[in-house]
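Protein chains: 2
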Amino acid sequence: MARTPVWKSIAIALTDDIAQGRYETGAKLPPEAQLSARFGVNRHTVRRALAEMAEQGLVHARRGAGVFVAAKPADYPIGKRVRFHQNLAREGRTPAKQVLMLETRAASVREAEALGLAPGDPVHVYDGLSLADGQPVALAQAIFPAERLPDLCDALREEASITAALKVCGVADYTRLETRITAKLATATQALHLRISEGAPILRTTSISADTDGTPVEFGRTWFAGDRVTLTVGGED
Amino acid sequence: MARTPVWKSIAIALTDDIAQGRYETGAKLPPEAQLSARFGVNRHTVRRALAEMAEQGLVHARRGAGVFVAAKPADYPIGKRVRFHQNLAREGRTPAKQVLMLETRAASVREAEALGLAPGDPVHVYDGLSLADGQPVALAQAIFPAERLPDLCDALREEASITAALKVCGVADYTRLETRITAKLATATQALHLRISEGAPILRTTSISADTDGTPVEFGRTWFAGDRVTLTVGGED
DNA sequence: GGCTAACATTTGTCTAGTTGTATAGTTGAT
DNA sequence: ATCAACTATACAACTAGACAAATGTTAGCC
Chain C
2 MARTPVWKSI
12 AIALTDDIAQ
22 GRYETGAKLP
32 PEAQLSARFG
42 VNRHTVRRAL
52 AEMAEQGLVH
62 ARRGAGVFVA
72 AKPADYPIGK
82 RVRFHQNLAR
92 EGRTPAKQVL
102 MLETRAASVR
112 EAEALGLAPG
122 DPVHVYDGLS
132 LADGQPVALA
142 QAIFPAERLP
152 DLCDALREEA
162 SITAALKVCG
172 VADYTRLETR
182 ITAKLATATQ
192 ALHLRISEGA
202 PILRTTSISA
212 DTDGTPVEFG
222 RTWFAGDRVT
232 LTVGGED
Chain E
2 MARTPVWKSI
12 AIALTDDIAQ
22 GRYETGAKLP
32 PEAQLSARFG
42 VNRHTVRRAL
52 AEMAEQGLVH
62 ARRGAGVFVA
72 AKPADYPIGK
82 RVRFHQNLAR
92 EGRTPAKQVL
102 MLETRAASVR
112 EAEALGLAPG
122 DPVHVYDGLS
132 LADGQPVALA
142 QAIFPAERLP
152 DLCDALREEA
162 SITAALKVCG
172 VADYTRLETR
182 ITAKLATATQ
192 ALHLRISEGA
202 PILRTTSISA
212 DTDGTPVEFG
222 RTWFAGDRVT
232 LTVGGED
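Protein chains in written order, with the working numbering: chain C, 2 to 238; chain E, 2 to 238.
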């Protein structure tokens, strides 16, 4: 029976400390020597734990200076206007997206219903990976009505964000009509893309967004890495 | 006729060595490899002997460090005046304490209630390890009202005992109002500090102490290594 | 003030040693 | 044949200590 190694429980304890706000973002953790005393282990064991946390992008060490908290799990507000890039930029993190697949095909029954189309109508399908500070945060799939937005594929390829691509295609503004949230376990493929372990918790959201006229423009399915994001449903707007 | 197994005779030989004082309490036994050479057997056979001795509480192994002769249990009287250092000194053992963590933070509901404060009031939190003859005996957490004892943190760092630190801060005497005792199993971290194995029995006490005016000054939580201490509730006090 | 030198602190890396665990095989008695 | 005791080997997890490299701090000097 493989018990959980000590270093792992230390990593969990420290991660928890950070999540609890005991060490704030950018703050310096106690030196390794002090931590090893606190946990009653050798310094190397603490280092193993810190290495794990560094790999996950949670802390960052500077030789001679100390170990610093890199980032708390990103808050991801879900309201009327859900904008991945803007949400992250507001927290001082660098957003990026990576296109995994882009195609135009016939809409399924579910997709057609969500977008107010007839089944079989052409839709653009965007599969992408959303990153924060280079760390994968979410897998996103977005379905758009192809007849309404004929040039969207090229725009999605070139623009940095979906919002920007839609703007190029004439959708100046759009708001979210509905968001559904459930919890899942990561499949092998999802785990690979999000760089988490298979079976790790995942937040899955399904959303419908519409332009200012109320015409649906996007049907989205997003899988968030559960331990890197906290979805917040704001009281405002 | 079942001949006595080799491992059993090895256990007897080693037990005898300890009884003869060839290895003192707290001392490190030779590494398993060396012992297996000495007895001319495989390392696993020595391990079988050491496992038996560990089960009897005679020795305790720390991965990567070695096998150590366990300490004899100490009596620990709980009465009106509970003083770790004095208790042990009276038994002719050398007490010591080791600060694991020291911080000031807002009181939880439970802590505030015990100390007669409002939740969120500042408290000093002391996490420490209590040793007898260099052997860890108990993990102690003590919560003090910070507003009443502003300089306690420094005092705790410098003074040898909590009693001494409190005296420096103006608390000449204090008595125990209440002590609750339950049995738990050691968590991984506790086991590491107390140098016992994970899942070993632990005595947990929760206590409230007050000064001569009856004002609570300390809310304590202590975890004793179950096989190293015997709590005694004296008739006297 | 601004500069350098010296010192202490802290992380990075390396080597070596020790216990924990798993797997597979041998031996001998019943 | 079966089972317990023991051997053999390998690797993982953790300890221990030492030193190098980068950083932060302080004192002294111009």
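By construction, the Cβ of each residue, glycine as well, lies at the ideal position given by its N, Cα and C atoms.
Remember, predicted model here, so these are calculated numbers, not experimental data.
Asked, Found
"Under 8 Å from the C-beta of S10(C): neighbouring residues of chain E", "A189, T190"
"Cβ pair S208(C), R177(C) closer than 8 Å", "yes"
"Whether R94(E) touches A141(E) by CB criterion (8 Å)", "no"
"Counted within 10 angstroms of its Cβ, other Cβ atoms place T233(E) as buried (16 or more) or exposed", "exposed"
"Opposing strand residues paired with M102(C) [DSSP bridges]", "D128(C)"
"Within-8 Å CB hit, A50(C) to chain E", "no"
"Under 8 Å (Cβ pairs) to chain E, residues found in the stretch 30-58 of chain C", "A38, R39, F40, G41, V42, N43"
"D76(E): first and last residue of the uninterrupted beta strand (DSSP E) it sits in", "75-78"
"Any non-hydrogen atom of the ligand HEM within 7 Å of P6(C) CB", "Among the components modelled here there is no ligand, and therefore nothing to report on the ligand HEM."
"With 16 other Cβ atoms within 10 Å as the buried cut-off, status of P202(E)", "exposed"
"One or two residues paired with E56(E) in a DSSP bridge", "The partner list for E56(E) (beta bridge, DSSP) is empty, contrary to what the question assumes."
"Cβ neighbour criterion (16 or more within 10 Å) applied to L186(E)", "exposed"
"Cβ-Cβ distance between F69(E) and S162(E) below 8 Å", "no"
"Limits of the unbroken beta strand (DSSP E) element including L178(C)", "175-186"
"Of the listed residues V83(E), R63(E), N88(E), nearest to A240(E) (C-alpha basis)", "An answer regarding residue 240(E) cannot be provided, because it is not within the stretch 2 to 238 covered by chain E."
"Through-space distance from A72(E) to T16(E), alpha-carbon basis", "14 Å"
"Closest residue to K29(E) among R63(E), E112(E), P78(E), W224(E) (Cα-Cα distance)", "R63(E)"
"Length of the line joining the Cα atoms of T206(E) and T183(E)", "6 Å"
"7 Å Cβ cut-off: residues of chain C touching H194(E)", "G41"
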